[in-house]
């Protein structure tokens with residue numbers, strides 16, 4: 061096979077996937093990745109608001125705020141966002157996997173899924189740490205509520221599962 065000058069097969073593959081309404085989250089969730097995925101979701105909704113979008117997830121997790129931007133965009137677009145775990149969906153990756161449209165959440169046979177409470181590092185003056193702790197408690201509670209809502213599980217069970225790393229196989233998830 062002969063490649064044209066300036067051809068980058070990595071970009072061509074992702075462009076081809078976009079034409080098939082496939083979005084890839086294949087890295088840690090940060091602001092740049094979140095902005096890219098949000099833009100892709102919005103673009104695909106604009107192209108055809110009635111066809112599903114497929115979000116494939118292989119991610120160790122990442123930023124809660126960046127992940128919430130993706131989550132909110134998934135919920136905002138009018139078309140269903142189906143989610144598929146390949147490899148690993150950990151932490152924020154697990155949260156986004158769970159946020160897929162009902163009946164359209166999948167995991168490949170050897171994928172692994174890790175759920176745990178959000179992580180935070182706090183420093184500064186005592187008053188600032190107290191404010192950060194309140195915000196962290198809110199985020200933990202809100203994420204547990206959303207996971208419960210999307211999974212159909214009891215929020216108290218989700219909170220209990222949050223206390224330690226909880227690994228799932230594809231079958232268990």
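Residue numbers (the numbering used here): 61 to 233.
C-beta atoms are modelled at their ideal positions from N, C-alpha and C, and glycine is treated no differently.
For clarity, every value in this text was computed on a predicted model and none was experimentally measured.
Apart from the five residues just before and just after residue i, which ones in its own chain have a Cβ nearer than 8 Å to its Cβ?
| i | result |
| --- | --- |
| residue 62 | With a pLDDT of 47 at residue 62, under the threshold of 50, the modelled position of this residue cannot be trusted; read the value that follows with caution. Answer for residue 62: no residue qualifies. |
Going by DSSP, what residue range makes up the beta strand (DSSP E) through residue i?
| i | result |
| --- | --- |
| residue 165 | 165-167 |
| residue 123 | Segment: none, residue 123 is in no beta strand (DSSP E) and carries neither H nor E. |
| residue 179 | No beta strand (DSSP E) contains residue 179, which DSSP labels as neither H nor E. |
Just reading off the alpha helix (DSSP H) that residue i is part of, what are its end residues?
| i | result |
| --- | --- |
| residue 153 | 152-158 |
| residue 202 | 186-211 |
| residue 244 | No information on residue 244 is available, as it lies outside the stretch 61 to 233 that the chain covers here. |
Flag this pair as yes or no: are the beta carbons of residue i and residue j separated by less than 7 Å?
| i | j | result |
| --- | --- | --- |
| residue 179 | residue 150 | no |
| residue 220 | residue 171 | no |
| residue 41 | residue 118 | Absent from the model: residue 41. The displayed extent of the chain is 61 to 233, so no value can be given. |
| residue 106 | residue 153 | no |
| residue 84 | residue 116 | yes |
| residue 218 | residue 204 | yes |
Under 7 Å Cβ to Cβ from residue i, same chain only, skipping five residues before and after it: list those, please.
| i | result |
| --- | --- |
| residue 100 | 78 and 83 |
| residue 124 | 152, 178 and 199 |
Please give the ranges of any beta strand (DSSP E) in the stretch 76-139, keeping only runs that are unbroken, at least 3 residues long and fully inside the region. 82-85 and 113-119
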